[in-house]
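> Here the sequence shown is numbered in our numbering, starting from 54 and rising by one per residue. Note that beta-carbon positions come from the ideal geometry of N, C-alpha and C, so glycine has one too. On a predicted model such as this, the values are computed, not experimentally measured, just so you know.
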Amino acid sequence: MATMWNVKRWGCIERLPSLNWLRGTTKVEEEMDEMRAESAKQKLTTVVSLKEMLTNPCLKSPLIIAVMMQLAQQFSGINAVVFFSTSIFEDSGLNTLTSQYAKLGMGVMNVIMNFVSLVLVEKAGRKTLQLVGLSGMFVVVILLTVFLAVKGLAPWIPYISIVLIIAFVVAFATGPGSIPWFLVSELFNQSARPLASSIAVTVNWTANFFVGIGFLPLAICLDSLDWLRGTTKVEEEMDEMRAESAKQKLTTVVSLKEMLTNPCLKSPLIIAVMMQLAQQFSGINAVVFFSTSIFEDSGLNTLTSQYAKLGMGVMNVIMNFVSLVLVEKAGRKTLQLVGLSGMFVVVILLTVFLAVKGLAPWIPYISIVLIIAFVVAFATGPGSIPWFLVSELFNQSARPLASSIAVTVNWTANFFVGIGFLPLAGLNGRLVFAIAAAAIGSGFQHGYNIGVVNAPGKLIQEWINYTDYVRSNYTVVPTEATITWIWSVAVSVYCIGGMIGGSLTGFFAEKFGRRGGLMVNNIFALIGAILEGFSYSAESYEMLIAGRVFIGINLLSLNSNKYPSVGGLNAGLAPMYLSEISPVNLRGAVGTMYQLILTISILISQILGMENIMGTETLWPYLLAFTAVAVLYQVPALMFCPESPKYILITKGREREAERALNWLRGTTKVEEEMDEMRAESAKQKLTTVVSLKEMLTNPCLKSPLIVAVMMQLAQQFSGINAVMFFSTSIFEDSGLNTLTSQYATLGMGVMNVLMTFVSLVLVEKAGRKTLQLVGLSGMFVVVILLTVFLAIKDLAPWIPYISIVLIIAFVVAFATGPGSIPWFLVSELFNQSARPLASSIAVTVNWTANFFVGIGFLPLAQLLGPYVFAIFAVILAFFVWFTWKHVPETKNKTIEEISTICDGKDLTDEAAVSLILAEYDANGSYQTNHDKTTLCHTSVI
């Protein structure tokens with residue numbers, strides 16, 4: 054399939070070596086002819102849509118077969134056996150230890166039969182093995198039913214159940230276990246295969262889910278309890294159930310509203326949901342789904358990778374046995390902590406060893422050990438505990454609803470992990486390490502400092518009030534207006550730091566480089582964290598304000614080039630570095646990674662800021678200083694990463710060093726094509742002087758994209774997002790919610806921000822920048838009108854305040870769809886190397902200036918206008934929707950030359966126009982034609 058994909062994407066030049074390698078022979082011409090024929094056929098057809106898949110008879114018939122095979126696999130009962138085999142063995146009359154050994158034997162036979170199936174599938178045929186397997190399972194399941202029913206007639210009968218269940222697994226492994234999966238690929242051609250596979254996998258896992266939740270609910274009366282326990286001595290347990298039943302009759306069924314508002318239900322629900330998120334966002338399914346690819350990317354061959362995956366599966370089974378024993382001895386919390394901590398350590402080591410895989414031949418094998426260790430840590434606790442913890446946290450009346458919520462959260466998170474991991478599959482370990490060093494280190498500082506002042510805001514205001522009162526020798530009580538003003542300054546002054554950092558971005562980027570600038574920039578973060586952390590003990594809110602200024606300088610400098618948010622140098626340098634080290638096809642996805650880390654960091658700050666964690670009267674200074682953790686991570690991590698190849702070649706002119714850096718980042722020496730692109734851009738830069746501020750503001754080919762970049766930054770900030778981020782808890786309280794509910798609502802807002810950034814990560818290269826920006830701004834416009842209305846009528850009904858939660862979360866969702874990340878990396882895409890630093894500085898300075906005015910002006914305006922303050926944002930959003938639709942270009946998958954044609958008014962779809970641009974340079978990088986304006990445009994705009 055990979056070879057066929059290469060034929061379709063690249064033609065046939067490099068196909069033979071690939072297919073020769075796979076077949077172990079050079080006699081592949083016949084197979085190549087088949088692939089060429091399929092490739093030619095595909096070029097005549099468009100990509101298959103879902104509607105066409107369901108209506109075209111030539112696609113519908115094989116789809117029905119593929120779906121039925123998936124249903125046959127799951128509804129055969131195999132997962133009921135795999136999930137609950139120990140219980141089945143015990144119910145048949147065997148003791149626990151014998152049952153566990155029987156389960157182990159079942160697993161061994163499963164492995165052996167998969168090897169047998171590997172040999173038979175090409176000899177006996179798919180249909181034959183599928184029929185044999187299903188027929189065998191049919192016979193076995195009838196016999197199993199009979200022997201389980203008569204288990205008490207003879208002492209040897211329970212052992213028959215062992216034989217029958219192993220026979221059931223053998224029959225499954227013969228055909229139904231593997232054939233449905235690769236049958237999908239054989240039934241559909243290249244254009245229809247991805248969609249068909251998605252449908253098949255969805256059907257399979259949906260069926261799997263229903264089998265899992267539907268198998269156990271059999272105990273509904275005394276007889277069923279006798280059957281489940283294998284004894285008639287169940288009176289004590291029955292008394293407990295009768296007591297619970299009597300208690301439930303005094304209460305009504307728990308509603309969703311009660312679940313979300315009743316503290317006795319809401320607290321365990323948060324725990325249950327967070328455990329589900331921990332399970333999925335731990336990365337376990339990314340490893341399980343794509344482990345073979347991960348092993349291959351680490352440098353192992355395909356066969357070794359498959360054996361490594363097999364070993365991973367064996368260890369998963371073994372550790373589930375161990376967990377089965379430990380869960381009642383060590384306790385749930387202990388195993389969960391041990392598992393998550395182990396996964397945390399392993400995933401850091403895995404990132405490091407994937408990054409340095411080429412340094413020694415033995416390093417790839419470390420990845421096997423680490424991934425198996427990752428699975429072992431997962432199976433220790435996080436793999437099973439989140440599921441049964443729900444049942445233990447809730448009683449009978451609340452359990453069904455709580456379980457539904459937990460399962461929904463789990464599968465939603467599973468979905469986002471599944472769709473979010475593959476777009477990054479083109480990244481090798483070293484590039485991932487470099488991206489993580491820049492994005493996590495800078496993005497965490499940026500996002501964390503956006504949200505950290507939200508939840509503990511009232512505590513800090515009370516401290517400011519008390520500090521001022523003490524300074525007056527307990528004679529003058531500060532007014533509410535004074536405290537509000539000081540607090541608004543403390544919140545928004547970091548934007549002043551951001552402006553300073555933004556203006557320094559160009560200097561830092563050129564003087565120290567992208568990577569060097571990021572490392573130096575951490576000095577500001579460390580100073581800011583120290584000032585904030587010691588402000589409480591020093592009884593000085595001036596230290597807090599000064600710390601916020603230094604944090605602002607740090608943040609703005611990092612992000613100015615690509616992504617929006619809160620910081621200064623981080624806001625400029627980090628996106629710039631990410632943009633310049635990323636392949637063109639992943640530029641948007643990698644760019645969105647910064648925003649993803651930023652949103653996760655906002656969520657982390659909101660969680661830590663809860664009043665039952667660090668949002669307390671004595672711990673909030675440590676909460677603010679926690680940002681120093683990112684410094685301790687980023688500085689050593691960046692020491693292992695190279696400088697931006699574009700900076701080395703284009704700015705410093707060191708070609709060999711740039712090529713070495715690119716080799717490291719791509720994990721290969723085959724980088725000549727990318728080097729040629731950078732040489733071409735470097736040659737263009739030599740034709741022009743460094744872009745000055747005057748030229749930026751007067752040259753039409755620079756001024757037009759600058760206006761677009763600046764307007765997108767203003768759209769981001771004047772949309773009202775940071776008013777919501779800074780003061781969401783206050784907004785929720787003003788809408789009628791209590792403090793704790795407001796904090797939980799803010800937490801929910803942060804969760805949705807993270808989830809939608811995952812979606813944006815996938816969509817940005819599919820839907821395009823302009824489309825997502827329009828969708829996001831339009832959604833925010835609609836939501837902010839509704840929010841104004843419902844805040845104005847909040848007292849008319851008790852349920853109305855909860856609408857504000859939904860609307861503010863919807864507002865954040867719309868923001869994360871596009872306006873949250875696109876304005877940042879759009880700057881890098883609109884300008885080339887010579888104009889990018891200055892353009893980034895201007896964009897970041899504008900962003901932070903707008904951010905400052907929103908931060909310092911929102912609370913006074915809210916006091917003046919009340920709920921109608923959001924009407925201001927509605928008017929602004931309406932303007933920016935129009936501007937985006939009318940003036941913002943689409944830059945998705947556009948090269949420097951293609952985007953530059955926007956200045957000239959050339960048709961971007963006209964290949965002749967693009968060829969004309971490319972022809973304007975000879976081999977030495979000098980012009981062959983005399984197009985003064987075109988020359989200026991092409992050397993200034995990407």
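Can you give me the C-alpha to C-alpha distance between E592 and V573, rounded to a whole angstrom?
C-alpha separation (whole angstroms): 30 Å.
> Taking Cβ positions, are A867 and V899 nearer each other than 8 Å?
No, the Cβ-Cβ distance between A867 and V899 is not below 8 Å.
> Checking 8 Å against the spacing of the C-beta atoms, do S358 and P229 come in under that value?
Cβ distance not < 8 Å, so S358 and P229 don't count as in contact.
> Assuming G773 and F936 form a contact by the criterion Cβ under 8 Å, report the distance between their Cβ atoms to the nearest whole angstrom.
Between F936 and G773 the Cβ distance is about 17 Å, and since that is not below 8 Å, they are no contact.
> Starting from T824, follow the alpha helix (DSSP H) in both directions and report where the run begins and ends.
That run of the alpha helix (DSSP H) goes 822-845.
> Measure the beta-carbon distance from V763 to A888 and round it to whole angstroms, keeping in mind my assumption that it falls under 8 Å.
Not confirmed; about 14 Å, so no contact.
> Suppose the cutoff is 7 Å on Cβ atoms and the five residues either side in sequence are ignored; what does the same chain contact list for Q127 look like?
Closer than 7 Å at Cβ, skipping near neighbours: N257, A260, N261, V264.
> Note down the Cα distance separating T528 from I517, rounded to an integer number of angstroms.
Cα-Cα distance, rounded: 15 Å.
> Can you tell which of N607, E563, A562, F587 has the C-alpha that lies nearest to the C-alpha of I576?
Closest option to I576, Cα to Cα, is N607.
> Can you name, in chain order, every residue of its own chain whose Cβ lies under 7 Å from the Cβ of L677, other than the five neighbours on each side?
Hits under 7 Å: V505, E585, G586.
> Residues in the same chain with beta-carbon distance under 6 Å from I539, minus the five sequence neighbours each way, listed in chain order, please.
The residues are I517.
> I'd like to know whether the C-beta atoms of P913 and L844 end up nearer to each other than 8 Å.
Taking 8 Å as the Cβ cut-off, P913 and L844 do not qualify as a contacting pair.
> Just reading off the alpha helix (DSSP H) that A924 is part of, what are its end residues?
Element bounds for A924: 922-940.
> With distances taken between CB atoms, is the gap from G494 to A249 smaller than 8 Å?
Going by C-beta atoms, G494 is not nearer than 8 Å to A249.
> Taking DSSP as the reference, what is the three-state secondary structure of F884?
Reduced to three states, the DSSP call for F884 is strand.
> Could you check the C-alpha separation between V399 and L423 for me, to the nearest Å?
Their backbone Cα atoms lie some 6 Å apart in a straight line.
> Taking the alpha carbon of V307 as the point to measure from, which residue in F334, R452, L240 has its own alpha carbon closest?
The residue with the shortest Cα to Cα distance from V307 is R452.
> Determine the closest residue to E445 out of R385, I419, G550, with distance taken between C-alpha atoms.
It is R385.
> Which same chain residues end up closer than 7 Å to I580 when comparing Cβ atoms and leaving out the 5 residues on each side of it in sequence?
Closer than 7 Å at the Cβ level, and outside the excluded window around I580, lie F603.
> Could you give the distance in angstroms between the alpha-carbon of V254 and the alpha-carbon of E239?
If I take the Cα positions, the gap works out to 15 Å.
> So, with DSSP's three-state summary, where would you put R707?
Looking at R707 - three-state DSSP - the assignment turns out to be coil, as it is neither helix nor strand.
> Exposed or buried, L103, counting other C-beta atoms within 10 Å across all chains shown (16 or more means buried)?
Result: exposed.
> Since Y647 and G496 are thought to touch, with beta carbons under 8 Å apart, how far apart are those beta carbons, to the nearest angstrom?
Right, the Cβ-Cβ distance comes to about 5 Å (below 8 Å), so this counts as a contact.
> Do L388 and I438 have their C-beta atoms within less than 8 Å of each other?
Yes.
> Any idea if N463 is buried or exposed, counting beta-carbon neighbours within 10 angstroms, 16 or more meaning buried?
N463 comes out buried.
> Starting from the N-terminal side, write out each stretch of the alpha helix (DSSP H) that is 4 residues or longer and does not extend beyond the segment 417-468.
DSSP runs (the alpha helix (DSSP H)) wholly in the segment 417-468: 438-446.
> Report back the beta-carbon spacing between E372 and S335 to the nearest angstrom; my notes put them in contact at under 8 Å.
It is worth fixing the name first, because residue 372 is Met in this sequence and not Glu. M372 to S335, Cβ: 15 Å. No contact.
> Is it true that the CB of L825 sits closer than 8 Å to the CB of L816?
Yes.
> Measure from the alpha carbon of V934 to the alpha carbon of each residue in A896, L377, L830, L839, then state which is nearest.
It is L830.
> Which residue's Cα is closest to the Cα of Q687: N315, G570, M809?
For the residues N315, G570, M809, the minimum Cα distance to Q687 belongs to G570.
> What would DSSP say about D848, mapped onto helix, strand or coil?
Note: D848 maps to coil in three-state DSSP.
> If you count every other CB in all the chains shown that lies within 10 Å of the CB of N904, and 16 or more means buried, which is it?
Buried, since its Cβ has 16 or more Cβ neighbours within 10 Å.
> Between G158 and T314, what straight-line distance do the alpha-carbon atoms span, to the nearest angstrom?
Taking the straight line joining both Cα atoms gives about 49 Å.
> Quick test of your reading: L318 and I458, contact by CB under 8 Å. State the CB separation rounded to the nearest angstrom.
Contact doesn't hold; Cβ gap of about 11 Å is too wide.
> Do you know offhand how far G620's Cα is from K723's?
Residue confidence is low: G620 scores 41 on pLDDT, short of 50, so the model does not pin down where it sits. Its coordinate-derived value is still stated next. Cα-Cα distance, rounded: 37 Å.
> With distance defined between alpha-carbon atoms, name the residue in S590, S376, K737, E293 nearest to W673.
The shortest C-alpha separation from W673 is found at S590.
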